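Here is the structure we will look at.
Number of protein chains: 2
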Amino acid sequence: MAFGEVGKFVEELPFAGRLSEREKDDLIAGTKAVTYAKGEHIHGGNENCTGVVFVNKGCIRAYMLSEEGREITLYRLYEGDFCMLSASCILEAVTFDVFIDAEEDTDAFLIKSSAFRQLTENNVYVENFALHTIVERFSDVMWTMQQILFMSMDKRLAVFLYDEAAKKGSNILKITHEQIARYIGSAREVVSRMLKYFANENIVSLSRNGITIEDKNKLLALTK
Amino acid sequence: MAFGEVGKFVEELPFAGRLSEREKDDLIAGTKAVTYAKGEHIHGGNENCTGVVFVNKGCIRAYMLSEEGREITLYRLYEGDFCMLSASCILEAVTFDVFIDAEEDTDAFLIKSSAFRQLTENNVYVENFALHTIVERFSDVMWTMQQILFMSMDKRLAVFLYDEAAKKGSNILKITHEQIARYIGSAREVVSRMLKYFANENIVSLSRNGITIEDKNKLLALTK
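As they're listed, the protein sequences go chains S and A. No gaps in the numbering here: position 45 of the first sequence is 45 in our numbering, and each next residue is one more. No gaps in the numbering here: position 4 of the second sequence is 1004 in our numbering, and each next residue is one more.
Right under this line is the structure:
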């Protein structure tokens, strides 16, 4: 979908067939194309009712933030995904809030909360779509929670490195220990210690530029 | 609601007004009154599609179980609550499973999965209700996760003891360290050590019969 085509976006919504012409017009009026720069803060904290974000290109990340500023990544959304929790203010069953940042430069469509609220209140199919999308994220969060609570640290780190290399299509990962710690819900010190252990085992090598995976089979074995 | 009155139960469902007479009849045929003894396993593991459980009296508890058998309590349901995750097999957006036990002797109505599946597939209002209920549980789980991940251990234990005393209306808690560890998502050893610390501070006293809260103000201060 080309960037900026709000009308086309609305026509292709999964619930478009359940919308009246009036509802479509209101939705088009309440939707705009937006871009977020890599690292930009999208939702959470002061912006408590951003609206529904549809990722057209790029990647956004949802996370929790403690009072002390510790982050836990809950899930990532990619091209074609809808972010509903950024419109959680209009869904009374959602009593928590998450933070959402752009993880890559991101093109998106943003449906304003006011427009989406009107729709969900009057059209059960739209409300259904919103709830359904949130339940999918619930599944993601449960998976993350399982990882954090039950997986031993070495396994968590191995899974992360292995997945990251597969995703980037490269054995060289330009990422800081601090970033890894955030992604896997641990502390930087713990990650650094474990990486040193992996390096001693010749599974990875460490340099200022990042982490190079030296033995993919050994790494894979650790993920089992 | 008196135990066993399936017809009345169906008439009083939040979505009853959206059901046809035929749907009501099918639902009555697919619902039965059940009782669960305290500690009885209701759902999870082998029973992977129990159905929708409505708690008429008592309390049921949902938890996660790791491969090593460690438990994390996700939420509890009381009189008037619906348990949807015990029918998760019929909701494709739910890709995880939880374990559910009776925490007290419990009277319930059980809507069979087959009957509920037919309804959700054909009636958007019923599907909406199911999704809405699950999103509420998502909120509970996020709260639990926040507790587990971000709250220091002494605070978690203090919050648990304080809430438990308030719930029971008594300063004497007949509960094992093992049970507390499960509730707050920790290990028995950690709980025992922390309780000993609380006892040394004259916040609680420990005996074979359980835990007595000796200084409620001190305990309360720890929860802040």
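Just so it is clear, CB atoms sit at the ideal spot from N, CA and C, and this is done for glycine as well. Note that the coordinates shown come from a computational prediction; the quantities given were computed from them, not determined experimentally.
How long is the line joining the alpha carbons of residue i and residue j, rounded to whole angstroms?
| i | j | result |
| --- | --- | --- |
| Phe3 of chain S | Gln1147 of chain A | Because the pLDDT at Phe3 of chain S is just 48, under 50, the model does not fix this residue reliably, and the point stays unresolved. |
| Gly1017 of chain A | Tyr1125 of chain A | 10 Å |
| Gln179 of chain S | Leu65 of chain S | 14 Å |
| Ile1213 of chain A | Leu1219 of chain A | 8 Å |
| Leu1013 of chain A | Phe1198 of chain A | 46 Å |
| Ser1020 of chain A | Val55 of chain S | 39 Å |
| Asn1046 of chain A | Glu1071 of chain A | 17 Å |
| Asp81 of chain S | Lys57 of chain S | 10 Å |
| Thr50 of chain S | Ala1033 of chain A | 45 Å |
| Lys167 of chain S | Arg61 of chain S | 15 Å |
Can you tell me whether residue i is buried or exposed? The criterion is at least 16 other CB atoms within 10 Å of its CB, across all chains shown.
| i | result |
| --- | --- |
| Tyr1063 of chain A | buried |
| Ala169 of chain S | Residue identity check: residue 169 of chain S is Gly in the sequence provided, not Ala. The residue in question, Gly169 of chain S, is exposed, as its Cβ has fewer than 16 Cβ neighbours within 10 Å. |
| Arg1193 of chain A | exposed |
| Gly1176 of chain A | The sequence given here has Thr at residue 1176 of chain A, not Gly. With fewer than 16 Cβ atoms within 10 Å of its Cβ, Thr1176 of chain A is classed as exposed. |
| Glu1092 of chain A | exposed |
| Ser207 of chain S | exposed |
| Ser152 of chain S | exposed |
| Arg182 of chain S | buried |
| Tyr75 of chain S | buried |
| Asp1025 of chain A | exposed |
| Ala1087 of chain A | buried |
Do residue i and residue j have their C-beta atoms within less than 9 Å of each other?
| i | j | result |
| --- | --- | --- |
| Leu85 of chain S | Arg137 of chain S | yes |
| Asn1202 of chain A | Asp1215 of chain A | yes |
| Met142 of chain S | Phe1096 of chain A | yes |
| Thr35 of chain S | Gly185 of chain S | no |
| Phe1040 of chain A | Asp1101 of chain A | Note that residue 1040 of chain A is Glu in the sequence shown, not Phe. Cβ distance < 9 Å, so Glu1040 of chain A and Asp1101 of chain A count as in contact. |
| Thr1120 of chain A | Ile1090 of chain A | yes |
| Leu1077 of chain A | Val135 of chain S | no |
| Asn217 of chain S | Asn1128 of chain A | no |
| Glu103 of chain S | Cys59 of chain S | yes |
| Val1094 of chain A | Ser139 of chain S | yes |
Give me, in chain order, the residues of the same chain whose beta-carbon lies closer than 8 Å to that of residue i; leave out the 5 immediate sequence neighbours on both sides.
| i | result |
| --- | --- |
| Thr31 of chain S | Val6, Phe9, Val10, Phe109, Leu110, Ile111, Lys112 and Ala115 |
| Glu1164 of chain A | Leu1173 and Ile1175 |
| Ala29 of chain S | Ala115 |
| Val1190 of chain A | Met1153 and Ala1181 |
Going by beta carbon distance, what residues of the same chain come within less than 7 Å of residue i, once the five residues before and after it are set aside?
| i | result |
| --- | --- |
| Glu1158 of chain A | For the record, residue 1158 of chain A in the displayed sequence is Ala; it is not Glu. For Ala1158 of chain A, where only same-chain residues beyond five positions count, the Cβ hits under 7 Å are Leu1219, Leu1222 and Thr1223. |
| Gly1210 of chain A | Ile1172, Leu1173, Lys1174 and Ile1175 |
(message) Which runs of the beta strand (DSSP E) at least 3 residues long sit entirely within the stretch 104–154 of chain S? Give them in chain order.
(response) 106–111
(request) Enumerate, from N- to C-terminal direction, the unbroken alpha helix (DSSP H) stretches of 4 or more residues contained entirely within the stretch 4–76 of chain S. (result) 6–11 and 21–29
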